[in-house]
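In what follows, a structure is listed as structure tokens, so that the remarks can point back to it.
Chains as they are written, first to last, in this note's numbering: chain E, 10 to 360; chain H, 33 to 143.
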């Protein structure tokens, strides 16, 4: 398993333009498969337009203690893109006045941003209804300075959303790195110990499941039941909901798909599973994504492809919700990942 | 036309059988879909049965399809291999149980 990001390896795919070329060439250029734009035109869903803004998702940096094989951020210890306190100040101004009810902090490992705690404390004061931090779990056990994160999250009533690709060690470590499973289990126990994920607890702990390979996620409810049973029986661990998220064919997952000769089959699977009902609720219709350097995107995936919002307002420093809401969402073939089957978003299925 | 009898990409075209016999094709896929719904057996159990049968039928398309289906359902490779052994055991059992017929015949023919 690679221990460096595509960027650090100078991989061809670290260039987002190259990724976009791949997604537009081959089976999509020769008409074997319809482009995403053509597909949503069939059901008069083009152009894709925002609905009411509900979620502000802020990526506070691409640095991470893990180098997961499927990571769409291409995150890792070698990534130095970290949100500055100045940009955080600009974000806070927006958080205070936004109509969104959910604030969603992500990364990389957001906790590795040196101003993470300060930012959480300030943002929590804005009284946003649902304050999510996407934690990779192992960070809690990675270093002594992170051991008190469960208590810190609790203090600010943070909704913790954590990745857990499988309830078995083998599958988890294969995707996320050796030792990740055991550390994740310990971190979940730490979160349970302060009340997270317990039945009836207002301290929300949800898990994210990504398939560990070139296949789509199965039924979210069935997977949740399997995860709950296995984690409780084997480790005494509790959690609230499981979000099944489809891997989008970009960045490291795209690299994997091509290297393993699975790219075409995967794209076929996505297109075959296309569900117009999922298009209705794709997350770009209710979310805005902010990058570490303050640029605005329709979603975290477009951020990683460097596809900035199609609006006069493109940066957090000039944020204007009304103007932003009046934009066309930028789409490409990777969008099929969010519309397959029951759909996929950072909140799990959408249809 | 492909020079091989089997082409993995043909699995994607399975639905096209309907084009040359719409009514029967549609009836088959409707039946097929219904069979794999949750019922007295879970969809997960049915997936493992299908995987075992895919092997005894030695259908490469079915093996591809139900291996992927199993992964999507979070079925582990240990579970999948056990299912294949169930199929293999029945296959070999079916061969061996005919040994009784052979024994009967020998006993009848020999003085």
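Idealized CB from N, CA, C, for every residue including glycine.
Beta carbon of residue i nearer than 9 Å to that of residue j
i             : j             : result
residue 103/H : residue 222/E : yes
residue 76/E  : residue 11/E  : yes
residue 85/E  : residue 72/E  : yes
residue 109/E : residue 62/E  : yes
residue 129/E : residue 171/E : no
residue 296/E : residue 66/E  : yes
residue 257/E : residue 352/E : no
residue 93/E  : residue 124/E : yes
residue 112/H : residue 83/H  : yes
residue 28/E  : residue 279/E : no
residue 321/E : residue 332/E : yes
residue 31/E  : residue 339/E : no
residue 290/E : residue 359/E : yes
residue 309/E : residue 115/E : yes
8 Å CB neighbourhood of residue i in its chain, flanking five on each side removed
i             : result
residue 89/H  : none
residue 61/H  : 47 and 50
residue 111/E : 63, 64, 65, 137, 138, 139, 140 and 141
residue 236/E : 173, 176, 216, 218, 248 and 251
residue 33/E  : 44, 341 and 342
residue 104/E : 65, 112, 132, 135 and 137
residue 75/H  : 68, 69 and 105
residue 77/H  : none
With 16 other Cβ atoms within 10 Å as the buried cut-off, status of residue i
i             : result
residue 56/E  : exposed
residue 301/E : buried
residue 122/H : exposed
residue 48/E  : buried
residue 286/E : exposed
residue 145/E : buried
residue 261/E : buried
residue 117/E : buried
residue 305/E : buried
residue 230/E : exposed
residue 143/H : exposed
residue 65/H  : exposed
residue 135/H : exposed
residue 382/E : Because chain E here runs from 10 to 360, residue 382/E falls outside it and cannot be looked at.
residue 184/E : buried
residue 117/H : exposed
residue 101/H : buried
residue 180/E : buried
residue 110/H : exposed
residue 54/H  : exposed
residue 146/H : Chain H is shown only over 33 to 143; residue 146/H falls outside these bounds and no answer can be derived.
residue 227/E : buried
Cβ neighbours of residue i in the same chain (closer than 6 Å, five flanking residues each side left out)
i             : result
residue 204/E : 210 and 212
residue 167/E : 140 and 142
residue 271/E : 223
residue 106/E : none
residue 354/E : 292
residue 344/E : 45
Own chain residues within Cβ distance below 7 Å of residue i, not counting five before or after
i             : result
residue 49/H  : 57
residue 158/E : 120 and 149
residue 225/E : 255, 278, 282, 349 and 350
residue 199/E : 149 and 159
DSSP state of residue i mapped onto helix, strand, coil
i             : result
residue 306/E : strand
residue 57/H  : helix
residue 43/H  : helix
residue 316/E : coil
residue 105/E : helix
residue 357/E : strand
residue 157/E : coil
residue 296/E : strand
residue 125/E : helix
residue 64/H  : helix
residue 98/E  : helix
residue 6/E   : Past the boundaries of the shown model lies residue 6/E; chain E is included only from 10 to 360, so the question cannot be answered.
residue 115/E : strand
residue 85/H  : helix
residue 98/H  : helix
residue 363/E : Chain E is shown only over 10 to 360; residue 363/E falls outside these bounds and no answer can be derived.
residue 162/E : helix
residue 141/E : strand
residue 130/H : coil
residue 343/E : helix
residue 117/H : helix
residue 11/E  : coil
residue 75/H  : helix
Near the ligand PLP: residue i beta-carbon under 8 Å from a heavy atom
i             : result
residue 279/E : As far as ligands go, the structure on display features none, and thus does not contain the ligand PLP.
Report task. Return the chain-ordered ranges of every alpha helix (DSSP H) run that is complete within the segment 180-242 of chain E and spans a minimum of 4 residues. Result -> Qualifying alpha helix (DSSP H) stretches, in chain order: 189-202.
Query raised in the report: Which ranges would you report for the alpha helix (DSSP H) in the segment 33-94 of chain E if only whole runs of at least 4 residues count?
Result: As far as the segment 33-94 of chain E is concerned, its whole alpha helix (DSSP H) runs of at least 4 residues are 45-51.
Query raised in the report: Where in the segment 251-299 of chain E do unbroken runs of the alpha helix (DSSP H), each at least 4 residues long, occur, reported from the N-terminal end onward?
Result: Qualifying alpha helix (DSSP H) stretches, in chain order: 260-268, 272-281 and 285-289.
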